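Just remember that our numbering sits 3 ahead of the position in the sequence shown, which is counted from 1. A virtual CB, placed ideally from N, CA and C, is assigned to each residue, including glycine. If you're wondering where the values come from, they're calculated on a predicted model, not measured in any experiment. Here's the structure we're looking at; comments come further down.
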Amino acid sequence: MAAETTDLDELRDRAQRWLDDDPDPASRDELRAVLDGLPGSGPELADRFAGPLTFGTAGLRGPLRAGPNGMNLAVVTQAAAGLVGWLADQGGEGPLVIGYDARYGSRAFAERTAQVATGAGRPALLLPRPLPTPVLAFAVRHLGAVAGVMVTASHNPPQDNGYKVYLGAQLGGELGAGAQIVPPADAGIEAAIRAVGPLAKVPLGPAGKVLGDDLVAAYVERAAAVIDPSGRRDLKVAYTPLHGVGGAVLTAAFARAGFAVPGVVPDQAEPDPDFPTVNFPNPEEPGAVDRLVALARDRDADLAIANDPDADRCAVAVPDGAGNWRMLRGDEVGALLADHLMRRGVTGLYATTIVSSSLLRAMCAARGLPYDETLTGFKWIVRAGGGSEPLVFGYEEALGYCVAPEHVRDKDGITAALSVAELAAGLKAQGRTLTDRLDELAAEFGVHHTDQLSVRVDDLREIAGMMARVRAATPETLLGHRVTETKDLLPGADVVTLRTDAARVVIRPSGTEPKLKAYLEVVEPVADGDVPAARTRAQAAVTTLRTEVSTALGL
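See below:
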């Protein structure tokens, strides 16, 4: 009991010190209410002070709440001060450009970041309104900014927000110009954040210069230029931005490119931080695109497209010819886009990640094109090859595609949607579909069937336990075949890869959510041109593989 009392006293003292330095009256009131609930609120207070949010995938992400282990004005002020100080220490010159989505707190966090920048004597440029993440990534390059900040939690639940950092060419180099930060910059910025003193001593200036719509127009023009101006445009598209910020930009880009404006799901068309019509604002989640599919069916659309809330991802659904619709996997869309660019004669480096399908590797090998694969995340994809060849296309299986890295060195759900539409329109003119093209690729390279086993947890220690289990008792066989290769990427990355002659499993914790993910792939040869039979065999094999991996993880 004495130890518990001491712990509570220490927590209370830390909370009081936080209150004394918190610049936001609302979050101070929130934290006081937690303190007033002690001792019963002890676990909640401990969670809020379990440690500061740390830079994960290119920045911060966490729940909107008071305390160091949450997204709030105090944490953002500290992060901005650390970032601005680090930029100065590196000799970086020029403006900081700042974008934000429509989530709760996003605009306030963006404006505070601008105030910290101007207070330190650095120009700050704010995007004119809530806009997609790829517009911010574009702006960093287009404006020659020293760095960029995007306030977004992408496809996370409504109660979350986040803070992504991009570097310009001056500090990020040509490969990293307008790309998410990587080591050692992330560690340097993290250290600078921790070195920030009392927030009351952080000088605040005006909230920067608000950019005009000419920036958005420049992005839309560049996006539309990604596709062939002489290509077909006869296509009926259904679309949803999932209550996010992609709707206006995507429809403008489609119109600029000469397509009919897509039909938009009415009750998901406008930004809404509550995401009221979906349980989880991620097009990969079950039920998230039900309204989109209903609209596509009602309007007899050729294609259905969804962006996630910050529009850096693109999901695609297609009719199956029997009145039903199915979502294409990210690996399928990645292969379609890569093949489309190759057929257009686009030469250069094609890249994906270690958890994506091996089909892109096979395509590049057969067609004499350079290929590379990286760790998960677009911060690595856009740096693929180390500059040995110019990157022309990169994708990751989690619905992220980069079709124009010279304009946006990040995943971009707007240009990806345009490229898919271009491909679908061209095939439609021939009386064919995206699924027909997938069958062609399968006939040539074999069926590469991928799936994912995803385990969401409440306690991150469960993920560590599962990773430890698979390392301690690594399966010797998968699908009756001997495991011929086992790779453990520790300490560089918490990833385990298992391969047989016809299957591959990659196991890793998610970088953005409390999940463990196992990526499954089976390659099934096509005999006598019978693609459907090969797909049936591959699907059955992946189902068995899922069971075997679940057992290995102790599920």
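Exclusion of the five residues before and after Leu523 leaves Thr453, Asp454, Gln455, Leu456, Ala506, Arg507, Val508, Val545, Leu548, Arg549 and Val552 as the residues of its chain whose Cβ lies within less than 8 angstroms of its Cβ. Within the same chain, and ignoring the five residues on either side of Glu479 in sequence, the residues whose Cβ sits closer than 8 angstroms to its Cβ are Arg485 and Val486. For Thr356, same chain residues with a beta-carbon under 8 angstroms away, outside a window of 5 residues either side, are Glu376, Thr377, Leu378, Thr379, Gly380, Trp383, Ile384, Glu399 and Glu400 in chain order. Here the C-alpha atom of Leu372 lies approximately 37 angstroms from the C-alpha atom of Ile192. When secondary structure is reduced to three states using DSSP, Ile230 falls in the coil class, being assigned neither helix nor strand.
The alpha-carbon of Asp12 is positioned some 49 angstroms away from that of Phe141.
The residue among Asp439, Arg197, Leu421 and Arg502 with its C-alpha nearest the C-alpha of Asp237 is Leu421.
Residue pairing from DSSP places Gly397 in a beta bridge opposite Ala354 and Cys405.
Setting aside the 5 residues that flank it on each side, Leu218 is surrounded in the same chain by Leu130, Pro131, Val138, Ala142, His145 and Leu146, each with a C-beta closer than 8 angstroms to its C-beta; the list follows chain order.
Residues of the same chain with a CB within less than 8 angstroms of the CB of Asp25, apart from the 5 flanking positions on each side, are Arg31, Leu34, Ala69, Asn75, Leu76, Ala77 and Leu202 in chain order.
Every alpha helix (DSSP H) stretch that sits fully inside the stretch 108-136 and reaches 4 residues is listed by chain position as 109-122. Within the same chain, and ignoring the five residues on either side of Ala251 in sequence, no residue has its Cβ closer than 7 angstroms to its Cβ. For Val268, the closest of Arg300, Phe257, Arg370 and Pro276 by C-alpha to C-alpha distance is Arg300. With a cutoff of 7 angstroms on beta-carbon distance, Asn310 and Gly211 are scored as not near each other.
The continuous stretches of alpha helix (DSSP H) do not include His410, and DSSP gives it neither H nor E.
Per DSSP, the beta bridge partners of Thr377 are Thr356. The beta carbon of Ala496 lies closer than 7 angstroms to those of Leu378 in the same chain, with the five residues before and after it left out.
Residue range Asp293 to Asp301 is occupied by the alpha helix (DSSP H) that includes Asp293. Pairing Asp16 with Gly165, the inter-Cα distance amounts to about 27 angstroms. Rounded to the nearest angstrom, the Cβ distance from Pro276 to Ala318 is 21 angstroms, too far for a contact under 8 angstroms. For Pro133, the number of other beta carbons within 10 angstroms of its own is at least 16, and it is reported as buried.
A contact between stretches requires three or more CB pairs, one per stretch, nearer than 8 angstroms, and the stretch 148-156 meets this requirement with the stretch 92-104. Cβ-Cβ distances below 8 angstroms link Leu430 to Thr436, Leu437, Asp439 and Arg440 in the same chain, with the five nearest sequence neighbours on each side left out; the list follows chain order. Fewer than three beta-carbon pairs drawn from the stretch 82-100 and the stretch 42-55 are found closer than 8 angstroms, and the two stretches are therefore not classed as touching. Taking the CA atoms as reference points, Gly348 sits about 29 angstroms from Val525.
Annotation: the stretch 198-271 contains the following complete segments of the alpha helix (DSSP H) (minimum length 4 residues), in chain order: 216-227 and 250-260. Per DSSP, Lys414 lies in no alpha helix (DSSP H) segment and is marked neither H nor E.
Apart from the 5 residues on each side of it in sequence, Ala258 sits with its Cβ closer than 7 angstroms to the Cβ of Val264 in its chain, given in chain order. In the three-state DSSP reduction, Ala320 falls in the strand class (E or B).
Setting aside the 5 residues that flank it on each side, Val281 is surrounded in the same chain by Ala291, each with a C-beta closer than 6 angstroms to its C-beta; the list follows chain order. In this structure, the beta-carbon distance from Pro66 to Asp163 falls below 7 angstroms. Between Leu178 and Gly324, the C-beta spacing is not below 7 angstroms. Ala445 sits away from Val358, with the two beta carbons spaced by 7 angstroms or more. Glu524 sits in a strand when the DSSP states are folded into three classes. When the alpha-carbon of Val79 is set against those of Asp315, Ala18 and Gly108, the nearest one is in Gly108. In the three-state reduction of the DSSP assignment, Gln173 falls in the helix class.
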